[in-house]
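To start, the structure itself, in structure tokens.
Numbering (our numbering), first residue to last: 426 to 1124.
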């Protein structure tokens, strides 16, 4: 298993690659240079410092002093933008699914952000300190007959103050990342706070504000200390004012001394650091888990959704036996109302066992007692309308959301998600890629997160690149790729590290038919390698082609689990019998049509003619139970050489639509009783109808 430090190094290297590729350092260092020039020009105006009495024209202590915090304005904006972007684009959560530890993620980002902001700080200090742009270390000033000497920070204090300001500013940006989901909003607030702090500090040069806030005996001097903790730029600019006020005006003590000033800078760092760590765990977000606000007190306030019961209480479920090895018998259980019983089950190990899992959000029961077994070498497709609970269930399975109750095991492991995530791969519906990294760099990054050896990783990347048809694009940046190629890269990432269980959230979303076909071929190849694939899709033809098993959800529950044929047989409308005119003679076909209808309905009275039949064809809907009548009917129809016969089962889409209609009108379900009785164990027909009707009425 990859150590935290190894993953930290990987995150740091990824961030640096993006930083360098996007040339972000150009703007950061340019702004620092610009501020230095402003200070250099204004430094000659610092030779006369007014006393409080000399206030006919209020002046600032330092010309350009308020510009010093602006040196890090761009850097702080980049920190907020980058970290919120990772959260809003799901990159953070996908990396977590793929095995990245939270501590490694945070430490990698912290080291990188400190490195970039300190690099700009050192660059600025290297220019400003030797040239005296921070201001003179002392100024002699004559008041009446007194000669006054004002002592400022020495170079060591200047450097220490500025570096602590940089670290405090970084901590503030981390805090802001917990409050926003849109990068622009967070970046704008970051800039406003920085500018606001400097402006508040500048107000202390005005006599009225000096008397109200600047001295220890002022009524509101505590506000200076409070603002110093909240606004790093305010605290950084405040100390020089207090030094001047305390020196020029005899007997007046400013609220900040050297020790208190540096103490406040340290307190500021701790304040924002602790606040970030707390809010990161407490504030809910779209994808992650959240803890109780008092989680740090004890077990009573641990993660919301902590398992309160692992009791395996199931109803309406069948238990056919499927053997994995001669020494092992496993039960194919599900909480579905309609569950297919396999007559000749394939020998296949169980990958995931889900037992009575529940999850609610306030009053909404998103997942309600789901039990399901998922196997290796199979593609399971989760279907359901929007709001059915598919996304919530997958989020629970990948560890993004904590279940309220129930149990989930991966290959026998249930609690250690650090181990479980070594098995997992995830392809999101929306590509969560870095525009400034290439295909190779993405696969390198995720492979190193999983701790793959360098030589093995390169071999595996080559295999996946070929498998996903990315050979010609492997060195291109993501921003140069087409939409279809990006989907292939997202799929390739989910396969890195020999992931045994791969979750695919609409993997062909937005792709053209040719690209979809290519993805299908890849998925079938991956399945044949012995992996377990869990797929969600809105393309029912895709589910029909790819899936060995379907699981259809409604209102948080499993409605049915079984093969495509099982779903179509039990919820479909039957067969489509299509008859075409071979001669392409509309007049003759029109004369024959009535006779043909009579022949079909003579053999199969239940056959219904489709009202949308065209002038050269006719289509009948035939119930499944009438299939034994096909042979004599076909023999009769084939006696007419002008008739072409085509027979096909209804599509999965038709069965799904039919099932949706049942859900809207539960009384329709009773007409399917005889058909479903043969497939459902443990419940009598009467019990099954009552159970189903009761459930669907609640839907």
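For glycine and all other residues, C-beta sits at the position ideal for the given N, C-alpha and C.
Residues near residue 687 in its chain [Cβ-Cβ closer than 8 Å; skip 5 each side]: For residue 687, where only same-chain residues beyond five positions count, the Cβ hits under 8 Å are 585, 586 and 589.
Three-state class that DSSP yields for residue 779 in the structure shown: Residue 779 carries a strand assignment under DSSP once its states are collapsed to helix, strand and coil.
Pick from 1004, 823, 1049 and 1034 that is closest to residue 1061, judged by C-alpha positions: Comparing Cα-Cα distances from residue 1061 to each of 1004, 823, 1049 and 1034, the minimum goes to 1004.
Proximal residues to residue 844 (C-beta, below 7 Å), its chain only, five neighbours per side dropped: Result list for residue 844: 838, in chain order.
Member of 831, 825 and 690 whose CA lies at the smallest distance from the CA of residue 760: Shortest Cα-Cα distance from residue 760 to any of 831, 825 and 690 involves 831.
Straight-line Cα distance separating residue 912 from residue 1121: In this prediction, residue 1121 scores a pLDDT of 34, lower than 50, which makes its location untrustworthy; the coordinate-derived value is nonetheless stated afterwards. When rounded, the distance between both Cα atoms is 37 Å.
Where residue 1001 sits in the DSSP three-state scheme: Strand at residue 1001.
Pairwise C-alpha distance: residue 819 and residue 425: Here the chain covers residues 426 to 1124 and nothing more, so residue 425 does not appear.
Integer-rounded CB distance, given that residue 1029 should sit under 8 Å from residue 1051: Between residue 1029 and residue 1051 the Cβ distance is about 5 Å, and since that is below 8 Å, they are a contact.
Residue of 987, 548, 603 and 1036 minimising C-alpha distance to residue 757: Selected option, being the one with the closest Cα: 987.
Whole-angstrom distance between residue 1075 and residue 970, CA atom to CA atom: A straight line joining the alpha-carbon of residue 970 with that of residue 1075 spans about 14 Å.
Cβ shell of residue 856 (< 6 Å), same chain only, five flanking positions each side left out: If we look at residue 856 and ignore the five residues flanking it on each side, its Cβ neighbours are 911 and 915.
Rounded straight-line distance, which links the Cα of residue 923 to that of residue 834: Looking at the two C-alpha atoms, the distance is approximately 19 Å.
Bridge partners - residue 928, DSSP secondary structure assignment: In DSSP, residue 928 forms a bridge with 851 and 959.
Rounded straight-line distance, which links the Cα of residue 499 to that of residue 604: Computed Cα separation, rounded: 20 Å.
Residue 1046 (DSSP reduced to helix, strand or coil): The answer is strand: DSSP assigns residue 1046 an E or B state.
Alpha carbon of residue 930 to alpha carbon of residue 806, nearest angstrom: If I take the Cα positions, the gap works out to 10 Å.
Closest Cα partner of residue 792 within the set 821, 802, 804 and 808: When the alpha-carbon of residue 792 is set against those of 821, 802, 804 and 808, the nearest one is in 821.
For residue 1036, the three-state DSSP class (helix, strand or coil): Note: residue 1036 maps to coil in three-state DSSP.
Option nearest residue 433 by Cα separation, candidates 808, 1063 and 875: Taking each of 808, 1063 and 875 in turn and checking the Cα distance to residue 433, the smallest one comes out for 875.
CA-to-CA distance, residue 648 to residue 685, given in whole angstroms: C-alpha of residue 685 to C-alpha of residue 648: approximately 14 Å in a straight line.
Stretch-stretch touch, CB-based, cutoff 8 Å, three pairs: the segment 895–902 with the segment 934–943: Short answer: they don't touch.
Distance, residue 517 Cα to residue 592 Cα: Straight-line Cα distance between these residues: approximately 23 Å.
Residue 707 (DSSP reduced to helix, strand or coil): Note: residue 707 maps to helix in three-state DSSP.
DSSP state of residue 761 mapped onto helix, strand, coil: DSSP, reduced to helix, strand and coil, places residue 761 outside both helices and strands of the structure shown, so it counts as coil.
Burial state of residue 597, where buried means 16 or more other Cβ atoms lie within 10 Å: By the beta-carbon neighbour count (other beta carbons within 10 angstroms, threshold 16), residue 597 is buried.
Enclosing alpha helix (DSSP H) for residue 857 [first to last residue]: First-last for residue 857: undefined, no H or E at that position.
CA nearest to the CA of residue 1066, picked from 1046, 1014, 1083 and 1032: With distances taken between Cα atoms, residue 1066 lies closest to 1014.
Span of the beta strand (DSSP E) around residue 792: Residue 792 -> beta strand (DSSP E) spans 789–800.
Proximity of residue 508 and residue 456 at Cβ, strictly below 8 Å: Against a cut-off of 8 Å, the Cβ pair of residue 456 and residue 508 comes out as no contact.
Distance between residue 689 and residue 556 (C-alpha atoms, nearest Å): C-alpha separation (whole angstroms): 28 Å.
Option in 610, 995, 435 and 654 with minimal Cα separation from residue 1083: The residue from 610, 995, 435 and 654 with its alpha-carbon nearest to that of residue 1083 is 995.
Neighbourhood of residue 654 by C-beta distance below 8 Å, restricted to the same chain and skipping five residues each side: The residues are 660, 689, 692, 693 and 696.
Cutoff 7 Å; reference residue 983; Cβ partners in own chain excluding five residues on either side: Result list for residue 983: 759, 760, 761, 795, 797 and 976, in chain order.
Opposing strand residues paired with residue 785 [DSSP bridges]: As computed with DSSP, residue 785 is found in a beta bridge with 790.
Within 8 Å, strictly: CB atoms of residue 869 and residue 882: Less than 8 Å divides the Cβ of residue 869 from the Cβ of residue 882.
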